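Asks:
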């Protein structure tokens, strides 16, 4: 897929990336991220948008050594599945940590960081990452 | 200026990145003696905006104020990530306080954070808004090898100012600003690094403005140095604030708690405000604090505060952030500061 610069895309995705807004099922209480219409656990519709807890644990992770466009120069970096308190799972980058120091089960907390620059003169994308809890 | 209506600090936050470079490592590369033991270095995915957000979120959480109740977000910085496009909108959007909010960036070298505080305090004291955020944040830029390269740090501090007396950890008493046209430090459009007038940055710039603002406040308020438990000065290094204290008649014990330049360097618009956060973390009820910033160009704000009975019931993460230190060498520092250009 050809990746093109897009200020509207950064704008469209901004709030969801910025605020860790998930969905809470009114029926089974399941928490999901990002927010969606249908509960993946019980099939109920009409999930309520909620601010998710900012702390969680690493469930699994991968080290990125061949980064996509806009992330060059940051490798090696880690993307992880983080299970937040309450059970919502988030796929996000880890930061402030070397790949060799990451462990499954390590406690992490959400921070607000740069994702990438679309180009040197382009829009800067920001959003949530996770750092080792301090 | 005296605040006649109640306004004060309901919450505050401080942010210092995880990385440090030792003064001796900078000396190894560039040869001169470093005036600080070590300084803070941003991670490769940090800038003044992300640091501003971290401090502001902590201030908001500490105050227990809902995002939609925040009426102003002013971000003071001389290192915004965009030349044109406000940082305040991104910070406000990420905090969830948009869209009904007075949000803007302020620029006045190292002074913009305290000026943001005075402006937000004015909005709160006038009754125009109930709560507002004043933030100072910088990822200070310096030409490699320049005197400033030994001290230019990174950090942020944010203060949630409120008029709700029961929420306040400290009440603002007085403010006094002292501003003149003094070309001691500047950066022209399109230039990557600031220039400065070397020793001219001392007497006619830093000391004249800091001392005049502090004296002005004390005269106007009828206070003397012994009336204060703590004083925090802008800290481009360790020596300047200690000398300013001496000139004004403050004892070293009054300065030490809020003096962090030896550990984190000069965090510019955040420098005096991180010092204030440190003091509030340790202060006891009924103590008086004087904060004096300095920004080149040039001006100083002096602000006096008195802590309430609930100060210390809530603390910032500053001590934990200061204890978290990953050391980088000059090569990694240059990469993380974006001093190296690839292609």
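Protein chains in written order, with the working numbering: chain A, 1 to 134; chain B, 135 to 477. The beta-carbon is built from N, C-alpha and C at its ideal position, and this holds for glycine as well. Model, not experiment: these values are computed from the prediction.
For the region 100 to 131 of chain A, which residues have a beta carbon sitting closer than 8 angstroms to at least one beta carbon of chain B?
Replies: So the close ones are 111, 112, 113, 114, 115, 124, 126, 129 and 131.
Asks: Check whether the Cβ atoms of residue 388 (chain B) and residue 363 (chain B) sit closer than 9 angstroms, and answer yes or no.
Replies: yes
Asks: Strictly below 8 angstroms CB to CB, what residues from chain A border residue 152 (chain B)?
Replies: 96 and 131
Asks: Is there at least one Cβ from chain B nearer than 9 angstroms to residue 134 (chain A)'s Cβ?
Replies: By this cut-off, residue 134 (chain A) is an interface position.
Asks: Applying the criterion that 16 or more other CB atoms from any shown protein chain within 10 Å of the CB defines a buried residue, is residue 333 (chain B) buried or exposed?
Replies: With fewer than 16 other Cβ atoms within 10 Å, it is exposed.
Asks: What residues in its chain sit with their C-beta under 8 angstroms from that of residue 66 (chain A), if we drop five residues either side in the sequence?
Replies: 75
Asks: Quick one: what's got a C-beta closer than 6 angstroms to residue 116 (chain A)'s C-beta in the same chain, skipping five residues either side?
Replies: 70, 71 and 125
Asks: Residue 1 (chain A) to residue 344 (chain B), Cα distance in whole Å?
Replies: Unreliable positioning characterises residue 1 (chain A) in this predicted model, as indicated by a pLDDT of 49, which lies under 50. The coordinate reading is nonetheless provided below. Those two C-alpha atoms are separated by around 57 angstroms.
Asks: Express the C-alpha separation of residue 285 (chain B) and residue 244 (chain B) in angstroms, rounding to a whole number.
Replies: Roughly 13 angstroms separates the two Cα atoms.
Asks: Tell me where the alpha helix (DSSP H) around residue 188 (chain B) begins and ends.
Replies: 182 to 197
Asks: Please say whether residue 42 (chain A) and residue 23 (chain A) have beta carbons closer to each other than 9 angstroms?
Replies: For the 9 angstroms CB-CB criterion, residue 23 (chain A) and residue 42 (chain A) do not form a contact.
Asks: Taking just the CA atoms, how far does residue 44 (chain A) sit from residue 209 (chain B)?
Replies: 43 angstroms
Asks: How many whole angstroms separate the CB atoms of residue 292 (chain B) and residue 189 (chain B), which I take to be in contact at a CB cut-off of 8 angstroms?
Replies: 4 angstroms
Asks: Tell me whether the beta-carbon of residue 62 (chain A) lies closer than 9 angstroms to the beta-carbon of residue 78 (chain A).
Replies: With respect to the 9 angstroms criterion, residue 62 (chain A) and residue 78 (chain A) are classified as neighbours on the basis of their beta carbons.
Asks: Could you have a look at residue 1 (chain A) and say whether DSSP puts it in helix, strand or coil?
Replies: With a pLDDT of 49 at residue 1 (chain A), under the threshold of 50, the modelled position of this residue cannot be trusted; read the value that follows with caution. Three-state DSSP puts residue 1 (chain A) in coil, outside helix and strand.
Asks: Could you name each continuous beta strand (DSSP E) segment of 3 residues or more that falls completely within the region 199 to 231 of chain B, going from the start of the chain to the end?
Replies: 204 to 210
Asks: Whose Cβ in chain A lies nearer than 8 angstroms to the Cβ of residue 451 (chain B)?
Replies: Those are 134, listed as they occur along chain A.
Asks: When you compare the CB of residue 287 (chain B) with every CB in chain A, is at least one pair closer than 9 angstroms?
Replies: Output row for residue 287 (chain B): interface = no.
Asks: Which one of B:341, B:398 and B:464 has the shortest CA to CA distance from residue 377 (chain B)?
Replies: Taking only the C-alpha atoms, the option nearest residue 377 (chain B) is B:341.
Asks: Please state whether the Cβ-Cβ distance between residue 133 (chain A) and residue 100 (chain A) is less than 9 angstroms.
Replies: No Cβ-Cβ contact shorter than 9 angstroms links residue 133 (chain A) with residue 100 (chain A).
Asks: By Cβ distance, which residues of its chain are closer than 7 angstroms to residue 253 (chain B), with the 5 residues on each side in sequence left out?
Replies: 208
Asks: With burial defined as no fewer than 16 other Cβ atoms inside 10 Å of the residue's Cβ, what is the status of residue 233 (chain B): buried or exposed?
Replies: exposed
Asks: Could one say the Cβ of residue 136 (chain B) lies closer than 9 angstroms to chain A's Cβ atoms, at least one of them?
Replies: No - not a single Cβ of chain A is within 9 angstroms of the one on residue 136 (chain B).
Asks: Distance check for residue 32 (chain A) and residue 249 (chain B), CA to CA, integer angstroms please.
Replies: The straight-line gap from Cα to Cα measures roughly 42 angstroms.
Asks: What residues from chain A crowd round residue 455 (chain B), counting only those whose CB sits closer than 8 angstroms?
Replies: 134
Asks: Let me see if you follow: with CB-CB separation under 9 angstroms, is residue 51 (chain A) close to chain B or not?
Replies: yes
Asks: Give the secondary structure of residue 431 (chain B) by DSSP, where H, G and I count as helix, E and B as strand, and everything else as coil.
Replies: strand
Asks: Can you tell me whether residue 441 (chain B) sits near the ligand SAH, meaning its C-beta is under 8 angstroms from at least one heavy atom of the ligand?
Replies: By its list of ligands, the structure shown contains no ligand whatsoever, and the ligand SAH lies outside what it can speak to.
Asks: By how many angstroms is the C-alpha of residue 158 (chain B) removed from the C-alpha of residue 459 (chain B)?
Replies: Roughly 16 angstroms between the two C-alpha positions.
Asks: For the alpha helix (DSSP H) that contains residue 384 (chain B), what are its first and last residues?
Replies: From DSSP, residue 384 (chain B) is part of no alpha helix (DSSP H); its letter is neither H nor E.
Asks: Check each residue of the region 52 to 76 of chain A: if its Cβ is closer than 7 angstroms to any Cβ of chain B, include it; give the result in chain order.
Replies: 73 and 74
Asks: Starting from the C-beta of residue 110 (chain A), find all residues in its chain whose C-beta is less than 7 angstroms away, skip the five residues before and the five after it, and write them out in chain order.
Replies: 20, 54, 128 and 130
Asks: For residue 175 (chain B), which three-state DSSP category applies?
Replies: strand
Asks: Taking residue 291 (chain B) as part of the beta strand (DSSP E), name the residues at either end of that continuous run.
Replies: 288 to 296
Asks: With DSSP as the reference, label residue 269 (chain B) as helix, strand or coil.
Replies: strand
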